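Visitor: Heads up: the sequence shown runs through residues 2 to 118, numbered per this note's numbering. Each residue gets a CB set at the ideal place from its N, CA and C atoms; glycine is no exception. Small disclaimer: the values here were computed from a predicted structure and weren't measured.
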Amino acid sequence: EKLAPHNNPTTMSTNHRVNSLMLPQFVGQNVLVVGRVKGDGGIGQMVHLEGPDGGDIVIDRRQASRDYGSPYVEVLGTVNADRTILETRAIDFGQEFDLQMYNETLLTMNGPLKDLF
Numbered sequence: 002e003k004l005a006p007h008n009n010p011t012t013m014s015t016n017h018r019v020n021s022l023m024l025p026q027f028v029g030q031n032v033l034v035v036g037r038v039k040g041d042g043g044i045g046q047m048v049h050l051e052g053p054d055g056g057d058i059v060i061d062r063r064q065a066s067r068d069y070g071s072p073y074v075e076v077l078g079t080v081n082a083d084r085t086i087l088e089t090r091a092i093d094f095g096q097e098f099d100l101q102m103y104n105e106t107l108l109t110m111n112g113p114l115k116d117l118f
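#1: Distance, Cα to Cα, Pro6 vs Thr15?
#2: Between the beta-carbon of Val48 and the beta-carbon of Thr85, is there less than 7 Å?
#3: Could you spell out where the beta strand (DSSP E) holding Leu108 opens and where it closes?
#4: One question on the structure: do Ser21 and Gly45 come within less than 7 Å of each other, judged by their Cβ atoms?
#5: If we call anything under 7 Å between Cβ atoms a contact, is Arg90 one with Leu100?
#6: Just confirm the distance between the C-beta atoms of Val35 and Phe98, as a whole number of angstroms; I'd bet it's less than 8 Å.
#7: Can you tell which of Asp116, Lys39, Asn111 has its C-alpha closest to the C-alpha of Tyr73?
#8: Can you say whether Gly112 is buried or exposed, counting buried as having 16 or more other CB atoms within 10 angstroms of its CB?
#9: Nearest CA to the CA of Phe94: which residue from Pro25, Gly29, Tyr69?
#10: How many Å lie between Gln30 and Asp41 at the Cα?
#11: Report buried or exposed for Arg63, applying the criterion of at least 16 other Cβ atoms within 10 angstroms of its Cβ.
#12: Among Glu88, His17, Asp83, Met102, which one has its Cα closest to the Cα of Arg67?
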C-alpha cells in the first residue's frame, strides 16, 4: 500500500526539539522549543523564554496571531542567524511544566541515542 503524500515520511518536514544551547546548530531550520515565558507574559514583538536548560531563548512574534495563554509554551519556528526564533505557531503548555525533566529528554533525543527518535 502506498502512503498518501501528506503521510509520506520522506516529504514531511522535520522539526528538531532543542534547548537554547542547540540553536546555533539549526540556523535556517525549523525547531520546537519549550520554555517559561519571562517578563510581561508574552506580549510584544520580541519575547524571552527560559529554555529547558535555563538559557534565554528569544522569540520573534511579529507574525504571531495571538498572545500566549499560559506561562509555559511550545513554539515552532525557524532559527535566524542571530539565534532568535521566528515563530510559526505556539501551543500553550499550562501552568506547570518540568523544564529540567524535559531537558534531560532533549539531551537523550539529541545525543548518542538520537537514531531511536
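Guide: From the atom records:
#1: Within the sequence shown, the letter at position 5 stands for residue 6. Within the sequence shown, the letter at position 14 stands for residue 15. Residue placement at Pro6 is flagged as unreliable, the pLDDT there being 45, under the threshold of 50; a coordinate-derived value is accordingly withheld.
#2: For the purposes of this step, residue 48 is identified with residue 47 of the sequence shown, where counting begins at 1. For the purposes of this step, residue 85 is identified with residue 84 of the sequence shown, where counting begins at 1. No.
#3: One-based indexing of the sequence shown puts residue 108 at position 107. Not the beta strand (DSSP E): Leu108 falls in the alpha helix (DSSP H), residues 100-110.
#4: Looking up residue 21 in the sequence shown gives position 20. Looking up residue 45 in the sequence shown gives position 44. No, Cβ-Cβ distance for Ser21 and Gly45 is not below 7 Å.
#5: On the sequence shown, residue 90 is found 89 positions in, with the first residue counted as 1. On the sequence shown, residue 100 is found 99 positions in, with the first residue counted as 1. Taking 7 Å as the Cβ cut-off, Arg90 and Leu100 do not qualify as a contacting pair.
#6: Stepping through the sequence shown from its first residue, residue 35 is reached at position 34. Stepping through the sequence shown from its first residue, residue 98 is reached at position 97. Their Cβ separation, rounded to whole angstroms, is 7 Å, which keeps Val35 and Phe98 in contact under 8 Å.
#7: As a first step, residue 73 is located in the sequence shown; it is residue number 72 there, counting from the start. Looking at the Cα atoms, Lys39 is the closest of the given residues.
#8: The residue you call residue 112 lines up with position 111 of the sequence shown. Classification for Gly112: exposed.
#9: Within the sequence shown, residue 94 is the residue found at index 93, counting from 1. Considering only alpha carbons, the answer is Tyr69.
#10: Counted from its first residue, the sequence shown places residue 30 at position 29. Counted from its first residue, the sequence shown places residue 41 at position 40. Taking the straight line from one Cα to the other gives about 28 Å.
#11: By one-based count along the sequence shown, residue 63 stands at place 62. Under this definition Arg63 is an exposed residue.
#12: Along the sequence shown, read from residue 1 onward, the residue named residue 67 stands at position 66. Nearest of Glu88, His17, Asp83, Met102 to Arg67, Cα basis: Glu88.
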